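Notes follow once the structure below has been shown.
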Amino acid sequence: HSFPTRRSSDLEGLEIVRFASIGGSELASWPATLQPQWLWVHEIATKERWSMKIGVPQEIWPGECRVAASPANVKRLGKMGFSVLVESGAGAAASFDDETYRQAGAEVIDGTAALWEQSDIVIKVRAPMKNPETGVDEADLLREGGTLISFIWPGQEEELVNKLAARKATVLAMDCVPSISRAQKLD
Numbered sequence: 407h408s409f410p411t412r413r414s415s416d417l418e419g420l421e422i423v424r425f426a427s428i429g430g431s432e433l434a435s436w437p438a439t440l441q442p443q444w445l446w447v448h449e450i451a452t453k454e455r456w457s458m459k460i461g462v463p464q465e466i467w468p469g470e471c472r473v474a475a476s477p478a479n480v481k482r483l484g485k486m487g488f489s490v491l492v493e494s495g496a497g498a499a500a501s502f503d504d505e506t507y508r509q510a511g512a513e514v515i516d517g518t519a520a521l522w523e524q525s526d527i528v529i530k531v532r533a534p535m536k537n538p539e540t541g542v543d544e545a546d547l548l549r550e551g552g553t554l555i556s557f558i559w560p561g562q563e564e565e566l567v568n569k570l571a572a573r574k575a576t577v578l579a580m581d582c583v584p585s586i587s588r589a590q591k592l593d
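Residue numbers for the sequence shown follow the working numbering, beginning at 407 and rising by one.
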């Protein structure tokens with residue numbers, strides 16, 4: 407059944423859905439557990455309850471000017487209950503300074519290794535690569551069991567896929583997300 411709903415999130419951090427109209431015959435066909443007027447849907451993540459940290463490292467591909475999250479996106483992620491860590495200087499090439507990220511609610515982290523180490527989820531524009539200045543491969547910085555969201559090109563990057571698999575990583579290869587309307591929420 408599909409019914410119009412009104413949402414309220416003012417009851418101790420829980421979001422509830424109130425069915426605006428349920429006819430008598432429709433209500434009778436619902437299981438007894440679903441008949442109350444108010445139904446608990448899901449708990450809203452708050453910073454006190456949710457400890458998932460999303461890390462945004464500086465892109466190291468030569469000439470790359472993009473960053474995986476803008477300050478506006480950082481603010482949205484914060485409202486969803488995530489903590490966002492941004493590597494110092496990550497947004498500079500995209501004209502976002504560290505202070506703008508701080509104002510959006512991000513914690514600015516000095517050092518690439520520290521950011522990767524503290525992050526449960528790392529989001530990047532480009533696939534992890536070996537840093538030409540330090541010689542350290544970004545895939546080796548992802549903590550074991552961590553999550554990476556980035557362009558990966560798994561069909562062309564067998565060595566990278568094997569490194570990530572060895573780290574027991576969960577990887578969302580954005581280049582494999584289909585360009586269909588059902589997948590637009592991943593944009």
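Ideal Cβ placement from N, Cα and C applies to all residues, glycine included. Owing to the predicted nature of the structure, the values given are computational and were not obtained by experimental measurement.
- Looking at the backbone, the Cα of P560 and that of P463 are separated by about 21 angstroms.
- If you keep only unbroken alpha helix (DSSP H) runs of at least 4 residues inside the region 491-573, you get 504-509, 518-524, 544-547 and 564-572.
- For V492, the closest alpha carbon among the candidates R482, D504, I466 and G552 is that of D504.
- In the assembly as shown, A478 is an exposed residue. Its beta-carbon has fewer than 16 other beta-carbons within 10 Å.
- In terms of Cβ geometry, I529 and A579 do not form a close pair [threshold 8 angstroms].
- With fewer than 16 other beta carbons inside 10 angstroms of its own, G517 counts as exposed.
- Across the set F488, V531 and E564, the C-alpha of F488 shows the shortest separation from the C-alpha of G511.
- Of the candidates I586, G552 and F557, F557 places its Cα closest to the Cα of V531.
- A straight line joining the alpha-carbon of K574 with that of V542 spans about 19 angstroms.
- The DSSP-derived three-state label of S476 is coil.
- Excluding its 5 nearest sequence neighbours in each direction, A500 has C-beta neighbours in its own chain below 8 angstroms: C471, R472, V473 and S476, listed in chain order.
- Counted as a single uninterrupted DSSP element, the beta strand (DSSP E) harbouring I460 occupies residues K459 to V462.
- Under the three-state reduction of DSSP, S489 is assigned to strand.
- Rounded to whole angstroms, the separation of the alpha carbons of R482 and R588 is 21 angstroms.
- With 16 or more other CB atoms across the displayed protein chains lying within 10 angstroms of its CB, I515 is buried.
- Residue environment analysis places G469 among the exposed positions, since fewer than 16 neighbouring C-beta atoms fall within 10 angstroms of its C-beta.
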